[in-house]
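The sequence shown runs 228 to 849 under the working numbering.
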Amino acid sequence: MVASSMTGVILRGTAPSGLHGHLDGFDQPSRLIVLQWKAPQSLLDHPVKTLSTLEHWLRDAFDVQPTTLKTKSKFSASKQGASLDRAAWHILELGKVLLQMLEVPVFHPGVIHHVRKDHSQSGLWNIRATTAVLDHFPEDVYYECYFRAARIVSFMAKTKPDSDEIAKLQSRLKCQHIDQMQGMIPRGRSTYPLLSYAYNQRIPFRHLGEGVYSLGWGSQCRRIRGGGIDKDSSIGAILSHNKASTIRVLSAAGLPVPVQRTIDSEAAALVAARELGWPVVLKPADRDRGEGVTINIREPGQLKRAWQEARHFSTRLLLERQISGLCHRLHVCDGQLISAWRRRPKSVRGDGSLTVKELIDRANAEQQALPPWKRLKPFPCDDVAVGCLAAHGLTLDSVPAKDDWAPLRPFNAPAWGGVVEDVDQLIHPDNVSLAIEAAKLFDLSNAGIDLITTDISEPWYRNGAAINEVNHSPQSPDSPQLLEKVFASHFPTNGRIPIEVFVGRSAAWDKAFQKQQEYNSSGFPCWVTDHQRSVDCSGRELHLMAHGLFDRCHALLCRKNVGALIVVVSDQDLFLTGLPFDQPDHLQIVGDWQPSPNDRSWKTLLSWMRPKLDSPIVDESE
């Protein structure tokens with residue numbers, strides 16, 4: 228692949244605090260970069276054909292459909308013409324895709340400023356662009372993704388996009404990009420789909436570090452990590468992480484749980500199994516995701532093997548009397564059940580004509596047709612699968628009836644995958660009440676209650692059902708309907724508070740104070756700030772360790788008692804840092820000030836705040 232590099236200087240978009248601002252009207256924090264790229268000769272000699280090849284690659288290898296080139300309003304095309312500009316745009320598109328492969332929540336595609344020849348180095352071009360960025364994120368991740376995007380575009384420009392070449396490139400990306408770089412990404416499980424939904428709903432978010440994100444501003448702000456939210460009790464989270472503690476809390480409250488023993492030796496496990504009665508389940512007390520769990524243990528030999536497996540994960544082990552039925556994940560949010568899912572083990576579904584082996588082969592072939600980063604876990608055809616089939620009276624040569632499931636694993640676990648089925652319309656009301664009560668016991672606003680039952684439509688007290696686990700920060704299917712319910716509960720106003728901007732000096736402050744009183748009277752505690760002075764809703768001046776307008780605005784947007792924010796802009800700091808928010812609701816230029824007609828910085832800054840205003844700009848400067 229052809230080499231490329233990125234300048235180490237961030238030209239604009241960073242505040243004194245190190246946070247990134249919103250440049251160029253972006254709806255995500257962003258920064259200005261320069262990427263040096265050696266354009267392939269084929270693009271310069273045969274631009275139409277080469278661009279067609281690139282777009283074929285992007286469609287077939289990355290599922291990227293051609294989109295309109297996004298440029299600055301004063302964009303000047305390169306002297307080589309639209310082909311070079313278009314290829315540079317494909318680098319930005321692919322850079323975003325490479326970041327998203329790592330579940331980095333970058334959704335804005337970026338904008339091109341210009342593509343110009345680097346006269347200091349032969350054959351190189353400088354691509355100047357604004358790209359979305361996260362605060363407190365490893366710089367190397369961004370650089371590497373855009374480096375690779377440039378190299379891959381150069382490679383694709385000179386390579387025919389046949390199926391073999393596409394498969395080889397995808398395989399290299401899986402091994403050399405995703406597998407190598409995933410460990411560099413701070414995140415909580417399930418965070419990416421939540422942030423994707425938030426972005427589509429225009430809920431502002433920032434990364435705080437360690438995979439924790441703040442969503443929304445001021446009084447509407449919440450913090451999340453994975454499926455956990457700041458409303459969750461930290462004590463409840465600790466208790467729910469330990470399976471023995473979970474069972475004790477549930478049992479003390481009279482809720483149904485498996486009969487359980489804590490064991491410290493293989494001999495103790497055998498004694499406990501005989502007391503409880505076979506079959507039993509052996510599991511680590513302090514691990515999740517199904518790690519080290521063995522179910523359906525029916526004799527001492529199985530128990531010995533299960534013990535040896537579980538000891539790889541923890542020294543604290545539990546033995547339980549097995550509960551009949553399948554696990555059902557009941558997702559409780561703010562005291563309401565928002566989803567119920569039956570969690571089948573990894574299985575293939577019968578069609579009445581194919582054998583189990585043929586169903587497995589077909590399912591794996593369908594997955595192989597997808598890019599590696601979009602594939603499900605493989606459908607196994609090994610000794611474990613054969614054993615699971617035998618337990619249900621099936622073999623690899625059996626022909627399951629239409630819609631009958633043939634299990635290939637003993638239970639649903641992230642390491643193997645599984646099948647989830649929506650049972651919202653089937654669940655009995657008493658089982659709903661049980662799940663809500665379990666979440667309340669642990670003071671969890673967001674909880675996944677695992678209920679094992681033979682029939683979710685029957686009340687738990689009639690069929691021997693039991694709560695197996697209470698999950699803080701639950702992983703749930705990436706369902707738009709489910710995400711809509713979660714966000715409706717946690718972010719009823721889309722996480723936004725009113726923000727107004729007054730451009731000017733002393734008269735702007737007068738207008739700001741007048742507007743502040745209106746917000747206060749309407750039930751929105753309103754704060755006012757400029758680059759040197761900040762005032763709370765009572766008119767008291769705040770002392771902040773924040774320098775400049777960006778950091779002062781951001782400091783106030785972090786505060787839970789801020790219901791509205793008025794910003795007085797009288798200098799050009801925000802042109803260098805970017806805006807501390809994506810856009811204000813209202814912008815007014817006040818009569819005691821206006822920029823010089825030739826002042827490009829002011830014109831640019833005002834243009835960032837204008838494009839999507841819900842109310843018109845009022846200009847009182849004349």
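Cβ atoms here follow ideal geometry from the backbone N, Cα and C, with glycine treated the same way.
For residue i, the nearest candidate out of the options (CA to CA)
| i | options | result |
| --- | --- | --- |
| Ala-384 | Ser-310, Glu-493, Val-338 | Ser-310 |
| Asn-695 | Pro-388, Leu-814, Gly-519, Pro-483 | Pro-483 |
| Ala-612 | Ser-574, Val-646, Asp-391, Gln-563 | Ser-574 |
| Leu-832 | Leu-771, Leu-806, Leu-270, Phe-540 | Leu-806 |
| Pro-627 | Glu-330, Leu-586, Ser-460 | Leu-586 |
| Pro-598 | Val-380, Cys-448, Met-328, Gly-614 | Met-328 |
| Arg-576 | Trp-632, Gly-614, Gly-552, Cys-554 | Trp-632 |
| Asp-763 | Ala-739, Leu-246, Gly-614 | Ala-739 |
| Val-275 | Arg-760, Pro-243, Ala-314 | Ala-314 |
| Cys-780 | Gly-445, Lys-344, Glu-282, Thr-294 | Gly-445 |
| Thr-489 | Leu-325, Ser-472, Glu-437 | Ser-472 |
| Ala-479 | Asp-367, Pro-607, Leu-668, Leu-553 | Leu-668 |
| Lys-629 | Val-583, Asp-670, Leu-653 | Val-583 |
| Ser-541 | Gly-766, Asn-469, Ser-423, Phe-808 | Asn-469 |
| Leu-801 | Cys-785, Leu-553, His-317, Ser-834 | Ser-834 |
| Gly-614 | Gln-594, Asp-624, Pro-527, Leu-635 | Leu-635 |
| Lys-510 | Ala-592, Lys-323, Ala-537, Ala-500 | Ala-537 |
| Gln-403 | Pro-420, Leu-325, Pro-388, Asp-757 | Leu-325 |
| Lys-712 | Arg-556, Gly-455, Leu-564 | Leu-564 |
| Asn-591 | Ser-279, Gly-562, Cys-608, Ser-580 | Cys-608 |
| Arg-767 | Pro-256, Arg-429, Gln-743 | Gln-743 |
| Gly-644 | Thr-241, Arg-571, Glu-282, Pro-707 | Arg-571 |
| Glu-282 | Ile-318, Val-261, Ile-260 | Ile-318 |
| Val-476 | His-539, Asp-670, Val-261, Gln-428 | Asp-670 |
| Phe-808 | Ile-816, Glu-502, Arg-837, Arg-450 | Arg-837 |
| Gln-799 | Ser-706, Leu-262, Trp-829 | Trp-829 |
| Asn-196 | Val-730, Leu-814, Pro-707 | An answer regarding residue 196 cannot be provided, because it is not within the stretch 228 to 849 covered by the chain. |
| Ile-465 | Asn-747, Asp-561, Val-697, Arg-760 | Val-697 |
| Ala-567 | Asp-287, Asp-391, Cys-554, Ile-816 | Cys-554 |
| Leu-557 | Leu-544, Arg-516, Gln-702 | Gln-702 |
Proximity test, Cβ basis, 8 angstroms: residue i and chain C
| i | result |
| --- | --- |
| Leu-466 | Of the protein chains in this structure there is only one, and it is not chain C. |
Paired residues, beta bridge with residue i - DSSP
| i | result |
| --- | --- |
| Val-567 | The amino acid occupying residue 567 in the given sequence is Ala; Val does not appear at that position. Its beta-bridge partners are Leu-557. |
| Trp-754 | Leu-792 |
| Lys-344 | Trp-352 |
| Val-338 | Thr-357 |
The beta strand (DSSP E) enclosing residue i, as first and last residue numbers
| i | result |
| --- | --- |
| Ser-417 | Run containing Ser-417: none; DSSP gives neither H nor E here. |
| Lys-573 | Segment: none, Lys-573 is in no beta strand (DSSP E) and carries neither H nor E. |
| His-813 | 813–816 |
| Leu-351 | 351–359 |
| Ala-633 | 632–634 |
| Ala-693 | 693–699 |
| Ile-726 | 726–730 |
| Arg-760 | Segment: none, Arg-760 is in no beta strand (DSSP E) and carries neither H nor E. |
Boundaries (first-last residue) of the alpha helix (DSSP H) holding residue i
| i | result |
| --- | --- |
| Val-379 | The amino acid occupying residue 379 in the given sequence is Ile; Val does not appear at that position. Start and end: 366–384. |
| Lys-742 | 733–748 |
| Thr-582 | No alpha helix (DSSP H) holds Thr-582; DSSP gives it neither H nor E. |
| Val-713 | 707–717 |
| Lys-323 | 309–328 |
| Trp-687 | 687–690 |
| Trp-835 | 827–836 |
| Ile-465 | 461–468 |
Uninterrupted alpha helix (DSSP H) stretches inside the stretch 779–807 (no shorter than 4 residues): Entirely contained in the stretch 779–807, the alpha helix (DSSP H) runs reaching 4 residues are, in chain order, 800–804.
Contact the stretch 601–618 vs the stretch 678–688: 3+ CB pairs below 8 angstroms: Contact fails between the stretch 601–618 and the stretch 678–688, because fewer than three Cβ pairs, one in each stretch, are under 8 angstroms apart.
Validate contact between the stretch 398–415 and the stretch 741–759 using beta carbons, cut 8 angstroms, 3 pairs: no
Stretch-stretch touch, CB-based, cutoff 8 angstroms, three pairs: the stretch 661–673 with the stretch 686–700: yes
Every unbroken beta strand (DSSP E) inside the stretch 472–499 [3 residues or more]: 487–490
Complete runs of the alpha helix (DSSP H) confined to the stretch 644–673 [at least 4 residues]: 656–668
Three-pair Cβ contact test at 8 angstroms for the stretch 345–361 versus the stretch 247–259: Contact holds: three or more Cβ-Cβ distances are below 8 angstroms.
Beta strand (DSSP E) runs wholly inside the stretch 500–537, at least 3 long, in chain order: 507–511, 521–524
Three CB pairs or more closer than 8 angstroms across the stretch 372–389 and the stretch 263–273: yes
Given 8 angstroms, three or more beta-carbon pairs between the stretch 718–737 and the stretch 766–774: With the cut-off at 8 angstroms, the stretch 718–737 and the stretch 766–774 do not touch.
Cβ contact (3+ pairs, closer than 8 angstroms) linking the stretch 516–532 and the stretch 647–659: no
Entirely enclosed alpha helix (DSSP H) segments - the stretch 396–442, minimum 4 residues: 418–427
Sufficient close CB pairs (3 or more, under 8 angstroms) joining the stretch 493–512 to the stretch 543–556: Taking a cut-off of 8 angstroms on C-beta distances, the stretch 493–512 touches the stretch 543–556, as three or more cross pairs fall below it.
Stretch-stretch touch, CB-based, cutoff 8 angstroms, three pairs: the stretch 331–341 with the stretch 387–399: no
Contiguous alpha helix (DSSP H) assignments of at least 4 residues, all confined to the stretch 586–624: 610–618
Entirely enclosed alpha helix (DSSP H) segments - the stretch 259–300, minimum 4 residues: 268–272, 274–289
The stretch 793–811 in contact with the stretch 728–744 per 3-pair CB rule at 8 angstroms: yes
Stretch pair the stretch 781–791 + the stretch 440–460: three plus CB contacts closer than 8 angstroms: yes
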